[in-house]
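K.L.:
Counting from 1, one number per residue, gives the positions in the sequence shown under the working numbering.
Ideal Cβ placement from N, Cα and C applies to all residues, glycine included.
All of these numbers come straight from a predicted model, not from anything done at the bench.
Let me give you the structure first, and then I'll get to my questions.
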Amino acid sequence: MERLKIDLIAAARPNFMKVAPLYHVLDEEPWCSLRLVHTGQHYDRNMSEAFFRDLGLPSPDLHLGVGSGSHAEQTANVMLAYERACDDQPPDLIVVVGDVNSTLACTLVGSKLHIPVAHLEAGLRSRDRRMPEEINRLVTDTLADILWTPSPDGDENLAAEGVPPEKVTRVGNIMIDSYELMRERIEASGERRKLGLKDHRYAVVTLHRPSNVDAEGPLTTLVRRLAGIAAKLPLVFPVHPRTRKSLEAFGLWEGLSGAPGMQIVEPLGYVDFMNLVCGARLVITDSGGVQEETTYLGIPCLTLRTTTERPVTISEGTNRLVAAGELVPAVDEILAGGGARGRRPDLWDGHTAARVAADIRRRLVAAPGRDAEVPDVPETPVRRAVSNS
Ligand code: UD1
Ligand code: UDP
């Protein structure tokens, strides 16, 4: 039987924990062969390589080395490089994840070359088209041939946009697979001890959305609020490179890093970062993935945004959207015992990668013209590869 050739596209920090569980599950399957493609959108060691190591991923089979640039430059450079890669060795299926510029770029390339594209984490919508990710989600989902959604709102959004239901399979949340895959390592990481943090007596902060960090006014306001909070609840803040650039450019770095109770650190690897999150009293963020991880872990999350593309983290989870002006009272409320309790959404269970593999097999391998003899999908996340790494 000829193996189905699958390209797995990884590009930026939040992609790696979506690609890794799928890589490990598919790597066990005799009916497919994988090409791991890194576009190079993120390239600092602590934004890229550290995640490959943590998540037990091998070096990419193909590194496009695209790097940073304006939206058009970055998207176009990924398209140019990936089109060449597809011309050289055309895959039978391209799997893109999330909502970054590389997700959009590789989807466009595949669609124009008539190569089927599958989108993992499809159907999410913030309904805010000023977010570059919302444009990426809309175009990717319009073009993709297979759409894997994490939650019912994803199915509903796609149906409302006219996506035929047979293209959509709800598979659950792949981020939770990564957490479950790495749980023992996360618990064993000494990161919060290393930083001198006492369990449930500190908060974690992450910020990188352009709406919060690109302009001086909003970032200055946030820095003041965070410094105020740090005086009563120690804060640990792994600073994203986009945010660092702005803090330095606006002369905010010294004030923030010198604020009592504030620990500024470099971006952390997945295992150490999740070790911090697991012990935190609460999390303050504008990240997409962190909203989901805190919901899964039952940790209160204050999201500094006006919208979220992940509404189940509010309706079922521990998330709350806050404006900068609401941050201090929202923290006080949680410290006083308030805040959402939440529950884990359906199919956020660590088995999403196995469901994705089963769906690929059902759609593309067991289809007429291909050999239907394929083994069962494993019931549990594949731990071997990561525990050996
Ligand atoms: C990108 C994604 C965003 C995602 C985020 C996760 C898009 C449009 N944005 O935002 O959806 O939430 O990644 O972290 O795809 N930089 C470095 N080193 C790196 C990477 C970036 O210094 O390894 C700096 C560069 O100055 C770069 C800037 O960060 O210009 C922004 O990087 P970019 O990938 O364009 O966007 P992110 O803000 O990281
Ligand atoms: N993360 C990490 N180290 C950090 C900050 C975040 O490992 O210093 C992880 C986090 O646990 C989550 C993912 O990165 O799994 C989210 O990525 P990011 O916030 O950069 O992107 P977004 O989800 O907003 O697109």
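1) Between T306, F273, V283, which lies nearest to V129 when the distance is taken from Cα to Cα?
2) Tell me, which residues are paired with T206 by DSSP?
3) Would you call S70 buried or exposed, if buried means 16 or more other Cβ atoms sit within 10 Å of its Cβ?
4) State the Cα-Cα distance for the pair E73 and D199, rounded to the nearest angstrom.
5) I'd like the span of the beta strand (DSSP E) that includes V322, first residue to last.
6) Are the beta-carbon atoms of L304 and D286 separated by less than 7 Å?
7) Flag P267 as yes when its Cβ comes closer than 6 Å to any non-hydrogen atom of the ligand UD1, and as no otherwise.
8) Return yes when the Cβ of V100 is within less than 7 Å of the Cβ of L120, no when it is not.
9) Using a Cβ distance threshold of 8 Å, determine whether the segment 165-176 contacts the segment 259-267, with at least three qualifying pairs required.
10) Ignoring anything shorter than 4 residues or poking outside the segment 95-120, list the alpha helix (DSSP H) runs there in chain order.
11) Report the partner residues of D7 according to the DSSP bridge assignment.
12) Whole angstroms is fine: what's the gap from P311's alpha carbon to E133's?
13) For L34 and N15, what's the separation of their Cα atoms in angstroms?
14) Between the segment 328-340 and the segment 357-368, do at least 3 Cβ pairs fall closer than 8 Å?
15) Mind checking whether L195 and V236 have CB atoms under 7 Å apart?
16) For the beta strand (DSSP E) containing I299, list its first residue and its last residue.
17) Once the 5 residues before and after D214 are set aside, which same chain residues still bring their CB inside 7 Å of it?
18) Less than 6 Å between the CB of D54 and some heavy atom of the ligand UD1, yes or no?
19) Mind reading off the beta-carbon distance from S391 to L143? Whole number of angstroms is fine, and I expect it under 8 Å.
20) Note down, in chain order, each residue of its chain lying with its Cβ closer than 6 Å to the Cβ of H114, except the 5 sequence neighbours on either side.
21) Does the segment 248-260 come within contact of the segment 212-229, defined as at least 3 CB pairs closer than 8 Å?
22) Rank M274, V95, I284 by C-alpha distance to the C-alpha of E184 and give the top, closest one.
23) Return helix, strand or coil for T169, following the three-state DSSP convention.
24) Give me whichever residues DSSP pairs with V265 in a beta bridge.
25) Drop a sphere of 10 angstroms on the beta-carbon of R343, count the other beta-carbons inside from all chains shown, and report buried for 16 or more, exposed for fewer.
26) Report yes or no: do the segment 21-39 and the segment 353-363 share at least 3 C-beta pairs separated by less than 8 Å?
27) Quick one: residues in its chain with C-beta nearer than 7 Å to the C-beta of C278, no 5 flanking neighbours on either side, listed in chain order?
28) Do T149 and A122 have their C-beta atoms closer together than 7 Å?
29) Looking at the ligand GDP, does it come within less than 6 Å of S287, judged from the CB to the closest heavy atom?
30) Flag this pair as yes or no: are the beta carbons of E392 and L276 separated by less than 7 Å?
P.N.:
Answer, in terms of the structure:
1) The displayed chain sequence assigns Arg, not Val, to residue 129. Residue T306 is the option with its Cα nearest to R129.
2) T285
3) exposed
4) 44 Å
5) Here V322 belongs to no beta strand (DSSP E), and DSSP marks it neither H nor E.
6) yes
7) no
8) no
9) no
10) 101-112
11) R35, I94
12) 16 Å
13) 16 Å
14) no
15) yes
16) Per DSSP, I299 belongs to no beta strand (DSSP E) and is neither H nor E.
17) S246
18) no
19) With the chain covering 1 to 389 only, the question about residue 391 has no answer from this structure.
20) none
21) yes
22) M274
23) strand
24) P238
25) exposed
26) yes
27) I186, L297
28) yes
29) Ligands present in the displayed structure are limited to the ligand UD1 and the ligand UDP, and the ligand GDP is not among them.
30) For residue 392 there is no data in the structure shown, the boundaries of the chain being 1 and 389.
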